[in-house]
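Okay, structure first, notes after.
Protein chains in written order, with the working numbering: chain A, -15 to 331; chain B, -3 to 261.
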């Protein structure tokens, strides 16, 4: 145990100045951009929490339902559908993809990971068909944030005066998605306290017990995975409205980002035996912290006197995230192994 | 009087046609009248648990029928039957949802018999839940918001029993539900069982390894051996039966008496 902590402390001390300078070098617009992205991705994190923690069903389908939601939002918006209506449409497609994974698992007894890989492979084709091409631009088209940009700017200026700080589009995204995320969290909180929601939680907790309490566990599992992917697709749609383009390849590796947020949220914001509401909020905040951490990492530079400096590229983030998630997942096991060794030594 | 539960000439074979084929139940027939408390004993591999799983719907028979209150439920899935059958498992961990609160678990059980809706948990039920929990005499009535995973095995099993009996199911199925508990907790859970069953006049199917329970509780004792009924006693004949008689039966079969306490008795 002490060795591990010494290693952690050493890394911390080495990195502290770098992180410190990164915090101060980040401009307000960068902070807001990170916050906006954190809020945009919060529903996806909650979806991953739903499958990974509540249902105990490792599901990779989110990698496909995210671009699927984006494809739906982009193509419908371009076709002239009211931007807000593209969100439920995106969620419906995500739910469908999740249901396919669930049905493959429940009826054909295909292993959960394999079932989701099959779905996400097939979904790639579906997403391209919906979009018509591998990427679509929404530049010049009214998105959910467009009509709100001017009113929000006027409102902010009437409160704070013209501060000279440019009101970035991320500010608008932050405010609007914050409202969306609050609605999602409250809706889920209500849902998990209904009889159906309790049955869904029980299905994830204890299958034999759930069946003996009259719960159709197969049906609930499919429904739960569908709900999780609907949330990932909502994130996909919000992302497209925020960024102004849709790309079928944009979902790769998002499951790991979702897992990272779940773990970060739990480590930073939860004590043991939290309520479901606190857990959901913690996971959403975990995603915000994760996005801010990425922004900091991209701003940081390690100085090596006489040699030069090292900077992270955007493409390095996936490696860093994967490494951190692997470590976090390994942590309980490492700790148990350590305790075991300790016990043996004491005997 | 019609029978509450009827098992008609059911057989169950595991791995049919393979080298490890096992005949778990052989043409078994059984009728339990309404309000009866039937106790089933038998050595390991006698088919006791298979019989319960047949009744609860985890296994379907090779042939034969399972009839509950005159309805043929042979092809009903397990969760569908659970609306009418309450069940307690041997393992105290199996009968409750650990990460959820006592209140959540009771709500799950209460909505079992009538189908679940998108409706919030009613606060108004708390008083009823407290009253039910108070009957256990374990102080759980003041801990509705406690997470079930933090309770002791005896408390969890008592809660599971309460959940199975809530809403007076047509049949209560107890699968060696005191076997995994320490002696004090087992005795308490058995007391609660008798109270609940007698108070609501529940038709009960109980498996036990405890020979004392097999003689003392219930109205009728049935011994299974290698998938068949070996004997089936009730009334006067049963009243005269002692633990020693039951153990003698087991030894006659050359079977292990799996209950250590029975040997002492």
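Where is the CB? At the ideal position from N, CA and C, for every residue including glycine.
No experiment lies behind these values; they were computed from the predicted model shown.
Q.
Spatial neighbours of residue 181(A) within its chain, please: C-beta separation below 6 Å, excluding the five flanking residues on both sides.
A. Here residue 181(A) has 175 as same chain residues with Cβ atoms under 6 Å from its own Cβ, once five neighbours each way along the sequence are excluded.
Q.
If you follow the alpha helix (DSSP H) that residue 75(A) is in, where does it begin and where does it stop?
A. Note, residue 75(A): alpha helix (DSSP H), 70 to 92.
Q) So the beta strand (DSSP E) residue 185(A) belongs to, where does it begin and stop? A) That residue, residue 185(A), is in no beta strand (DSSP E); its alpha helix (DSSP H) goes 179 to 189.
Q: Run down chain A in chain order and give the residues with a C-beta less than 9 Å from the C-beta of residue 100(B).
A: 177, 182, 185, 186
Q. With 16 as the cutoff for other CB atoms within 10 Å, does residue 289(A) come out buried or exposed?
A. exposed
Q: Take residue 263(A) as the anchor and find which of 324(A), 202(A), 170(A), 291(A) has the nearest alpha-carbon.
A: 170(A)
Q. Is residue 44(A) closer than 8 Å to residue 100(A) when the C-beta atoms are compared?
A. yes
Q.
Applying the 10 Å Cβ sphere with the 16-neighbour rule, what's the burial state of residue 59(B)?
A. exposed
Q) Three-state secondary structure (DSSP) at residue 119(A)? A) strand
Q. How many angstroms separate the CA atom of residue 243(A) from the CA atom of residue 115(B)?
A. 31 Å
Q. Exposed or buried, residue 213(A), counting other C-beta atoms within 10 Å across all chains shown (16 or more means buried)?
A. buried
**Q.** Segments of 3+ residues assigned as beta strand (DSSP E) that fall wholly inside the stretch 148 to 215 of chain B
**A.** 167 to 171, 200 to 203
Q) For residue 59(A), which residues from the same chain have a beta carbon less than 6 Å from its beta carbon, with the 5 sequence-adjacent residues on both sides left out? A) Cβ within range, chain order: 114, 115.
Q: Find the residues of chain B that neighbour residue 192(A), judging by a C-beta separation of less than 8 Å, and give them in chain order.
A: Result: 85, 90.
Q: Look at the alpha carbon of residue 266(B) and the alpha carbon of residue -13(A), and state the distance between them as a whole number of angstroms.
A: Past the edges of chain B, shown from -3 to 261, lies residue 266(B), and the structure says nothing about it.
Q) Going by DSSP, what residues sit across from residue 219(B) in a beta bridge? A) 37(B), 227(B)
Q. Residue 116(B) CB to nearest chain A CB: under 8 Å?
A. yes
Q: Identify, in the order they occur along the chain, each residue of the same chain with its Cβ nearer than 6 Å to the Cβ of residue 130(B), setting aside the five sequence neighbours on each side.
A: Counting only Cβ-Cβ distances below 6 Å, and skipping sequence neighbours, we find 137.
(Q) Please report whether the beta-carbon of residue 199(A) lies at a distance below 8 Å from any beta-carbon of chain B. (A) yes
Q | Same chain only: Cβ atoms within 6 Å of residue 224(B), ignoring 5 sequence neighbours per side | A | 22
Q: Using a Cβ-Cβ cut-off of less than 8 Å, give me the residues of the stretch 229 to 262 of chain A that come near chain B, in sequence order.
A: Per Cβ criterion, the list reads 257.
Q.
Please list, in chain order, the chain B residues whose beta carbon lies closer than 7 Å to that of residue 189(A).
A. 93, 94, 95, 96
**Q.** Nearest residue (CA-CA) to residue 55(A), options 301(A), 216(A), 284(A), 285(A)
**A.** It is 216(A).
Q. Around the C-beta of residue 268(B), are 16 or more other C-beta atoms found within 10 angstroms, so that it is buried, or is it exposed?
A. Within the shown structure, residues of chain B are numbered from -3 to 261, placing residue 268(B) beyond reach of any answer.
Q: Hey, could you find the ends of the alpha helix (DSSP H) residue 57(B) is sitting in?
A: Looking at the DSSP string, residue 57(B) is not in any alpha helix (DSSP H), and its letter there is neither H nor E.
Q: Could you tell me which residues DSSP puts in a beta bridge with residue 3(B)?
A: 26(B), 62(B)
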